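For the sequence shown, the tail end lands on 153 under the numbering used here, and the numbers increase by one without skipping. Built from N, CA and C at the ideal position, the CB exists for glycine as well. Given the structure is predicted, the values throughout are model-derived calculations rather than measurements.
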Amino acid sequence: MSLTQKDKAAVKALWAKISKGADAIGADALARMLVVYPQTKTYFTHWTDLKAGSAPVTKHGQKIMGGVAQAVAKIDDLSNGLLELSELHAFQLRVDPANFKILAHCLLVVISSMYPNDFTPEAHVAFDKFLSNVALALSEKYR
Numbered sequence: 011m012s013l014t015q016k017d018k019a020a021v022k023a024l025w026a027k028i029s030k031g032a033d034a035i036g037a038d039a040l041a042r043m044l045v046v047y048p049q050t051k052t053y054f055t056h057w058t059d060l061k062a063g064s065a066p067v068t069k070h071g072q073k074i075m076g077g078v079a080q081a082v083a084k085i086d087d088l089s090n091g092l093l094e095l096s097e098l099h100a101f102q103l104r105v106d107p108a109n110f111k112i113l114a115h116c117l118l119v120v121i122s123s124m125y126p127n128d129f130t131p132e133a134h135v136a137f138d139k140f141l142s143n144v145a146l147a148l149s150e151k152y153r
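Below, the structure is given as structure tokens:
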């Protein structure tokens with residue numbers, strides 16, 4: 011599903027409002043994913059603490075949101091813009107690409123709860139489409 015110029019503008023506008031809290035969003039979304047979808051814990055067995063607020067969860071949440079920031083910056087060409095992340099997750103980390111959609115859903119839940127006034131129906135639709143396209147771009151090297 012392609013992003014229209016209106017979608018891209020809505021994503022960039024929402025990102026401008028929420029990016030200051032990106033680290034908290036990433037940590038909360040990752041913690042939520044690990045609790046609600048316990049099968050995703052298999053990729054983090056080397057962490058000693060998988061609880062919300064733990065150092066590994068917080069640090070990886072920051073990495074995730076760094077990837078989202080990169081995607082916002084490369085919104086016009088996500089496949090090429092996220093090529094290195096796609097290769098990393100496909101060839102080295104071997105993450106099931108279905109998990110990208112799960113994390114995208116968790117990000118939407120956290121953003122909506124942390125920024126209810128900014129997460130309008132229009133922003134929701136645009137950001138959902140954007141995260142779907144990010145998940146697709148990250149899955150590119152699996153084919």
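Note down, in chain order, each residue of its chain lying with its Cβ closer than 7 Å to the Cβ of A133, except the 5 sequence neighbours on either side.
Numbered from its first residue, the sequence shown carries residue 133 at position 123. The residues are A20 and L24.
Less than 6 Å between C-beta atoms, sequence neighbours within five positions excluded: which residues of the same chain meet that for L117?
Residue mapping note: residue 117 aligns to position 107 of the sequence shown, counting from 1. Closer than 6 Å at the Cβ level, and outside the excluded window around L117, lie A39.
For K139 and L13, which I take to be in contact (beta-carbon distance under 8 Å), what is that distance rounded to the nearest angstrom?
Residue mapping note: residue 139 aligns to position 129 of the sequence shown, counting from 1. Residue mapping note: residue 13 aligns to position 3 of the sequence shown, counting from 1. Right, the Cβ-Cβ distance comes to about 6 Å (below 8 Å), so this counts as a contact.
Could you tell me which of I85, Y125 and K51 sits nearest to P66, measuring between CA atoms?
The count along the sequence shown starts at 1 and reaches residue 66 at position 56. When each option's Cα is compared against that of P66, the closest is K51.
I need the straight-line Cα distance from S89 to Q80, nearest angstrom please.
Position 79 of the sequence shown, counted from the first residue, corresponds to residue 89. Position 70 of the sequence shown, counted from the first residue, corresponds to residue 80. Their Cα atoms are separated by approximately 12 Å.
Out of curiosity, what's the CA-to-CA distance linking G36 and M11?
Translated into positions along the sequence shown, residue 36 becomes position 26. Translated into positions along the sequence shown, residue 11 becomes position 1. Near 24 Å, if we compare the C-alpha coordinates of M11 and G36.
Short of 6 Å in beta carbon distance, which residues of its chain neighbour A136, apart from the five on each side in sequence? Order them along the chain.
The residue labelled residue 136 in the question sits at position 126 within the sequence shown. Hits under 6 Å: D17, A20 and V21.
Enumerate in chain order the residues of its own chain whose CB-to-CB distance from L141 is below 6 Å, with the five nearest sequence positions on each side excluded.
By one-based count along the sequence shown, residue 141 stands at place 131. Excluding positions up to five away in sequence, the list reads A114.
Whole angstroms are fine: how far does the CA of S123 sit from the CA of H56?
Taking the sequence shown and counting its residues from 1, one reaches residue 56 at position 46. Taking the sequence shown and counting its residues from 1, one reaches residue 123 at position 113. Cα to Cα, the separation comes out at about 30 Å.
Does A41 pass the burial test, meaning 16 or more other C-beta atoms within 10 Å, or should it be called exposed?
For the purposes of this step, residue 41 is identified with residue 31 of the sequence shown, where counting begins at 1. Buried, by the Cβ-count rule.
Hey, is L117 close to the ligand MG, as in C-beta under 8 Å from one of its heavy atoms?
As far as ligands go, the structure on display features none, and thus does not contain the ligand MG.
With DSSP as the reference, label L194 as helix, strand or coil.
As shown, the chain starts at 11 and ends at 153. That puts residue 194 outside it, with no answer to give.
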